[in-house]
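Protein chains in written order, with the working numbering: chain A, 2 to 181; chain B, 2 to 181.
Dropping the structure here:
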């Protein structure tokens with residue numbers, strides 16, 4: 002993993018890929034699959050929707066930190082496996098053969114296989130809507146990966162893989178944040 | 002536009018496409034481009050991040066309703082144009098040659114050129130984070146469109162077009178909502 006400017010971290014979330022969210026409860030690492038995410042500001046702040054239905058939620062609320070990791074499409078079947086079992090009775094890092102790497106600012110681990118990892122602290126929990134607001138503290142990218150496409154959950158059991166990338170930087174210039 | 006089961010509306014937002022959000026302030030229609038969106042529940046509730054920097058925000062807060070429309074990739078340059086000018090001094094429906102169609106439950110218009118439209122009411126404004134929570138009231142799809150790919154903003158002026166769709170319905174069965 003190589004450091005990524007924090008001002009670019011939001012560009013991994015804005016396109017809407019499925020992500021993994023890791024936690025550390027003081028005893029063991031855990032990881033969940035989340036497809037309900039949103040950028041909230043460029044610093045970056047991110048929102049995710051999660052709640053008691055995810056075993057990780059207790060650790061997330063108690064430790065107030067996590068890592069948001071962005072998997073490539075080659076990890077899709079592991080991402081689905083992670084999302085359809087529970088850390089309550091499964092060591093998901095072992096079962097899905099994921100490499101937990103130390104983060105800089107949080108005890109939750111980076112996922113070595115992922116394209117990018119964003120270390121986060123919880124800045125707010127909006128219980129009424131089950132929205133958790135995160136602030137990115139540091140970001141990392143994996144420069145050695147050949148497969149760089151992410152995958153988007155549709156919600157009906159199908160997933161859309163990234164296709165072509167279109168460059169509209171000139172047309173978008175007035176809207177891009179400084180220091181990108 | 003053909004009616005879409007409301008229980009399927011979230012499947013247009015979960016993959017993370019750029020969307021258009023229309024409003025009607027009592028005098029004129031307006032439309033803004035939003036790429037910071039998130040599903041909050043299956044009913045559906047949706048979150049978007051917006052604020053005073055969008056001229057539409059005043060109408061959204063006052064009328065407490067809008068339409069979330071999902072454009073195809075063929076509309077990308079219009080979507081960027083919509084996102085880089087203001088309804089304060091521009092009739093965007095006229096300038097970008099969009100067809101405003103009557104909605105069922107809200108005064109904000111559907112966008113005839115889009116792949117899908119979700120009529121929404123505002124159920125909460127979380128001012129601290131500039132998050133607006135919407136509830137879908139009705140949904141519509143455009144069955145006549147040939148180009149069905151959506152587009153995902155990266156946030157750096159580039160956009161990723163939908164690629165292949167992978168079917169994982171069997172593996173995901175335990176996680177899919179009833180009545181989809």
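C-beta: ideal position from N, C-alpha, C; glycine also.
So which of the options has the shortest CA-CA distance to residue i?
i: residue 142 of chain A; options: A:117, A:150, A:134; result: A:117
i: residue 137 of chain A; options: A:75, A:65, A:79, A:148; result: A:65
i: residue 34 of chain B; options: B:43, B:42, B:18, B:28; result: B:18
i: residue 135 of chain B; options: B:68, B:52, B:123; result: B:123
i: residue 67 of chain B; options: B:42, B:103, B:80, B:81; result: B:103
i: residue 43 of chain A; options: A:32, A:13, A:167; result: A:13
i: residue 126 of chain B; options: B:57, B:40, B:62; result: B:62
i: residue 178 of chain B; options: B:92, B:10, B:3; result: B:10
i: residue 156 of chain B; options: B:59, B:4, B:55, B:37; result: B:37
i: residue 72 of chain B; options: B:180, B:97, B:181; result: B:97
i: residue 165 of chain A; options: B:167, B:181, B:152, B:100; result: B:152
i: residue 57 of chain A; options: A:89, A:172, A:69; result: A:89
i: residue 31 of chain B; options: B:91, B:80, B:139, B:159; result: B:91
i: residue 170 of chain B; options: A:163, A:154, A:5; result: A:154
i: residue 167 of chain A; options: B:146, B:181, B:180, B:76; result: B:76
i: residue 175 of chain B; options: A:181, A:176, A:81; result: A:81
i: residue 148 of chain B; options: B:163, B:140, B:139; result: B:163
i: residue 95 of chain B; options: B:146, B:3, B:29; result: B:29
i: residue 6 of chain A; options: A:146, A:140, A:150, A:173; result: A:140
i: residue 2 of chain A; options: A:160, A:159, A:146; result: A:146
i: residue 205 of chain A; options: A:173, A:158, A:119; result: The structure shown does not extend to residue 205 of chain A, since chain A spans only 2 to 181, so no value can be given for it.
How would you list, in chain order, the residues of chain B whose beta-carbon sits under 8 Å from the beta-carbon of residue i?
i: residue 138 of chain A; result: Residues of chain B passing the Cβ test: none, with the nearest at roughly 18 Å.
Per DSSP, what are the beta-bridge partners of residue i in this structure?
i: residue 133 of chain B; result: B:49, B:126
i: residue 170 of chain B; result: Answer is none; residue 170 of chain B lacks a bridge partner.
i: residue 139 of chain A; result: A:120
i: residue 34 of chain A; result: A:21
i: residue 66 of chain B; result: B:122
i: residue 71 of chain A; result: A:117
i: residue 4 of chain A; result: A:141
i: residue 153 of chain B; result: B:161
i: residue 111 of chain B; result: B:102
i: residue 40 of chain B; result: B:47
Check whether chain E comes within 8 Å of residue i, counting only Cβ atoms and requiring the distance to be less than that.
i: residue 170 of chain B; result: No chain E is present in this structure, whose protein chains are A and B.
Which residues in chain A have a C-beta closer than 7 Å to the C-beta of residue i? List them in chain order.
i: residue 175 of chain B; result: 85
i: residue 39 of chain B; result: 37, 38, 39, 48, 50
Starting from residue i, find everything on chain A with Cβ-Cβ shorter than 8 Å and list it in chain order.
i: residue 159 of chain B; result: 166, 167, 168, 169, 170
i: residue 154 of chain B; result: 15, 16
Could you list which residues in chain B have their beta carbon closer than 7 Å to that of residue i, in chain order?
i: residue 163 of chain A; result: 161, 164
i: residue 127 of chain A; result: 127
i: residue 134 of chain A; result: 130
i: residue 181 of chain A; result: 157
Can residue i be considered in contact with the ligand NAD, in the sense that its beta carbon sits closer than 7 Å to one or more heavy atoms?
i: residue 22 of chain B; result: This structure simply doesn't include the ligand NAD, nor any ligand for that matter.
Closer than 9 Å by beta-carbon distance: list the chain B residues that pair up with residue i, in chain order.
i: residue 117 of chain A; result: Within 9 Å Cβ-Cβ: nothing; residue 117 of chain A doesn't reach chain B, min ~12 Å.
Starting from residue i, find everything on chain A with Cβ-Cβ shorter than 9 Å and list it in chain order.
i: residue 123 of chain B; result: Per Cβ cutoff of 9 Å: no residues; residue 123 of chain B is ~13 Å from chain A at best.
Counting beta carbon pairs with one atom in the segment 105 to 112 of chain B and one in the segment 107 to 121 of chain A, are three or more of them shorter than 8 Å?
These segments do not touch.
Is it a yes or a no for the segment 40 to 54 of chain B touching the segment 71 to 89 of chain B, going by three-plus beta-carbon pairs under 8 Å?
No, the segment 40 to 54 of chain B is not in contact with the segment 71 to 89 of chain B.
Using 8 Å as the cut-off, can you tell me whether the segment 123 to 132 of chain A makes contact with the segment 20 to 29 of chain A, which would need three or more C-beta pairs spanning the two stretches below that distance?
No, the segment 123 to 132 of chain A is not in contact with the segment 20 to 29 of chain A.
Please name the residues in the segment 10 to 37 of chain B whose beta-carbon is closer than 8 Å to at least one beta-carbon of chain A, in chain order.
Listed in sequence order: 11, 12, 15, 16, 17, 18, 36, 37.
At a CB distance below 9 Å, what residues from the segment 76 to 100 of chain A approach chain B? Give them in sequence order.
Taking a C-beta cut-off of 9 Å against chain B, the contacting residues of the segment 76 to 100 of chain A are 77, 78, 81, 82, 84, 85, listed in chain order.
In the segment 42 to 68 of chain A, which residues sit with their C-beta less than 9 Å from some C-beta in chain B, listed in chain order?
Against chain B - using a Cβ distance shorter than 9 Å - the residues of the segment 42 to 68 of chain A are 42, 43, 46, 48, 49, 50.
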